[in-house]
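Before any comments, here is the structure.
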Amino acid sequence: MTTHTVTGQPTPRTAGEGSGPKVRTRQPRQRPDRRDRARPSRSWTSKAVVNGLLALFACYTLMPLTWLLVASTKDHGDLVGTGGFTFADFNLFANLGDLFTYGDGIYGRWLLNSILYFGLGCLASTIVSTAVGYAFDKYDFPHKEKLFGLVLLGVLVPSAVLVLPQYLLAGKAGLDNTYWAVLVPLLVNPFGVYLARVFSEGYIPGEVIEAARMDGAGEWRVFRSVGLPMMAPGFVTLFLFTFTSSWNNFVLPLYMLSDDKLYPVTLGLAIWSKSSQQNPEFYMLTIVGALVSVLPLIIAFVCLQRFWRSGLTAGAVK
Numbered sequence: 008m009t010t011h012t013v014t015g016q017p018t019p020r021t022a023g024e025g026s027g028p029k030v031r032t033r034q035p036r037q038r039p040d041r042r043d044r045a046r047p048s049r050s051w052t053s054k055a056v057v058n059g060l061l062a063l064f065a066c067y068t069l070m071p072l073t074w075l076l077v078a079s080t081k082d083h084g085d086l087v088g089t090g091g092f093t094f095a096d097f098n099l100f101a102n103l104g105d106l107f108t109y110g111d112g113i114y115g116r117w118l119l120n121s122i123l124y125f126g127l128g129c130l131a132s133t134i135v136s137t138a139v140g141y142a143f144d145k146y147d148f149p150h151k152e153k154l155f156g157l158v159l160l161g162v163l164v165p166s167a168v169l170v171l172p173q174y175l176l177a178g179k180a181g182l183d184n185t186y187w188a189v190l191v192p193l194l195v196n197p198f199g200v201y202l203a204r205v206f207s208e209g210y211i212p213g214e215v216i217e218a219a220r221m222d223g224a225g226e227w228r229v230f231r232s233v234g235l236p237m238m239a240p241g242f243v244t245l246f247l248f249t250f251t252s253s254w255n256n257f258v259l260p261l262y263m264l265s266d267d268k269l270y271p272v273t274l275g276l277a278i279w280s281k282s283s284q285q286n287p288e289f290y291m292l293t294i295v296g297a298l299v300s301v302l303p304l305i306i307a308f309v310c311l312q313r314f315w316r317s318g319l320t321a322g323a324v325k
């Protein structure tokens, strides 16, 4: 028996030390749980189902636009004699020429009217809604929540129900069959006020407003130079909401306008579509005009999509 003398006392070796063979204990192998093996396959299956549904909805959404694009490239004979998604002789530029020259360029005037009504009008509506929503969020005044409740009540009222009273009021004021008959109702947007208050709460901290006031800025200067730039994503999101819903508005111009030179493009295309039953020439004009009328919406979303994405997340994280 060998010993190690460290402090003068023999120290015995512990069991297992020395030059003898070392014995390794074999650990039992753990079998993977059946639930762990099934989890990747279930995850893959769920992703496939979700992606399949998204692809199906995307095809359903893009199918009318695809048909419109294909049909606009045909002449009237190919439109009737070929399938809906089958290309024929390319006549898109000739169809566009017929569209913008028919009736002394009446379609171009309708397009400009729509930009005036639903471009500048929705911009003014967005500014008004943003200012009112900012006031509801940052200021305290008597009966504030009750007044905001009335605004929310206005959201529940369908816009089509208000068209007849608006027409009667416009007639009393002498504004019927004018540009103002369509522009003035667009300025009032209860849903826009609600969204603007949400955006103001999410984007503008109260400390920033107080700091601007302490620096001597007036209330209008605070809103214009501090609040409005900070609400830029929400402002663009609100504008796109208003612009999309107003561009497709048909009932309000139908009641307010009787002069075809004041029509927006939606009302003009509806008149052409109705006339195509007696005159097939209008059928092709309606299809090409509908394709052109979609372009402003596509351009607006492509140019402002980065603000749109950030605006939709306002208030999600605090």
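289 is the number that our numbering gives to position 282 of the sequence shown; each next residue is one higher, with no gaps. Note that beta-carbon positions come from the ideal geometry of N, C-alpha and C, so glycine has one too.
Buried or exposed: where does residue i fall if 16 or more other Cβ atoms within 10 Å of its Cβ makes it buried?
i      : result
Asp144 : buried
Val66  : As written in the sequence, residue 66 is Cys, which differs from the Val given in the question. Exposed.
Trp254 : buried
Val309 : exposed
Tyr114 : buried
Gly128 : buried
Phe97  : exposed
Met263 : buried
Ala203 : buried
Gln173 : buried
Trp279 : buried
Tyr124 : buried
Leu69  : exposed
Trp187 : exposed
Leu7   : Summary: the structure shown does not reach residue 7, with the chain confined to residues 8 through 325, and so no result is reported for it.
Leu60  : exposed
Phe148 : exposed
Phe94  : exposed
Can you give the Cα-Cα distance for residue i and residue j, rounded to whole angstroms?
i      : j      : result
Gly209 : Val170 : 34 Å
Pro71  : Leu298 : 10 Å
Val233 : Ala219 : 8 Å
Leu235 : His83  : 51 Å
Gly90  : Ile305 : 26 Å
Met238 : Gly161 : 24 Å
Phe64  : Lys179 : 47 Å
Val56  : Val229 : 50 Å
Asp217 : Phe250 : Asp is not the amino acid found at residue 217; the sequence shown has Glu there. Cα to Cα, Glu217 sits roughly 33 Å from Phe250.
Val301 : Leu75  : 10 Å
Gly140 : Ser282 : 44 Å
Ala62  : Val168 : 37 Å
Arg313 : Ala138 : 23 Å
Asn196 : Ser132 : 7 Å
Glu226 : Val215 : 13 Å
Lys54  : Leu103 : 43 Å
Ser265 : Leu276 : 15 Å
Gly156 : Leu176 : 25 Å
Gly126 : Asp111 : 24 Å
Trp51  : Val243 : 37 Å
Phe100 : Leu118 : 18 Å
Ser207 : Ile134 : 13 Å
Ala142 : Asp267 : 40 Å
Leu154 : Phe257 : 30 Å
Lys325 : Gly213 : Interpretation of Lys325 is limited by its pLDDT of 44, a score under 50 that renders its predicted location unreliable; the figure taken from the coordinates is listed afterwards. Each residue's alpha carbon lies about 14 Å from the other.
His150 : Asp222 : 30 Å
Phe198 : Gln285 : 41 Å
Leu194 : Ile211 : 24 Å
Gly88  : Ala307 : 35 Å
Tyr146 : Glu152 : 11 Å
Leu182 : Ser166 : 19 Å
Arg231 : Pro303 : 28 Å
Arg116 : Ala224 : 44 Å
Phe248 : Pro287 : 35 Å
My guess is that residue i and residue j are in contact by the Cβ rule of under 8 Å, so how many angstroms apart are they, rounded?
i      : j      : result
Val158 : Val191 : At roughly 18 Å, the Cβ-Cβ gap does not stay under 8 Å, so Val158 and Val191 are not in contact.
Leu269 : Asn184 : 7 Å
Ser136 : Leu311 : Not a contact, Cβ separation roughly 17 Å.
Pro240 : Ser121 : With 8 Å as the limit, Pro240 and Ser121 do not qualify as a contact, their Cβ atoms being about 26 Å apart.
Gly296 : Leu106 : 6 Å
Pro260 : Val164 : In fact, because the Cβ distance is near 20 Å, the residues do not count as touching under 8 Å.
Phe92  : Thr108 : Incorrect: roughly 28 Å between the Cβ atoms, too far for contact.
Less than 6 Å between the CB of residue i and some heavy atom of the ligand NAD, yes or no?
i      : result
Ile306 : Looking for the ligand NAD in the displayed structure turns up nothing, as the structure carries no ligands at all.
**Three-pair Cβ contact test at 8 Å for the stretch 75-93 versus the stretch 284-292** = yes
Please specify which runs of the alpha helix (DSSP H), each continuous and at least 4 residues long, are wholly inside the stretch 89-145, giving them in chain order. 99-108, 113-122, 128-145
Handout entry: Residue ranges of each alpha helix (DSSP H) within the stretch 179-242, 4 or longer
Key = 187-193, 197-210, 213-221, 226-229
task = At 4 residues or longer, and completely inside the stretch 264-290: list those alpha helix (DSSP H) runs for me, N to C.
result = 272-282
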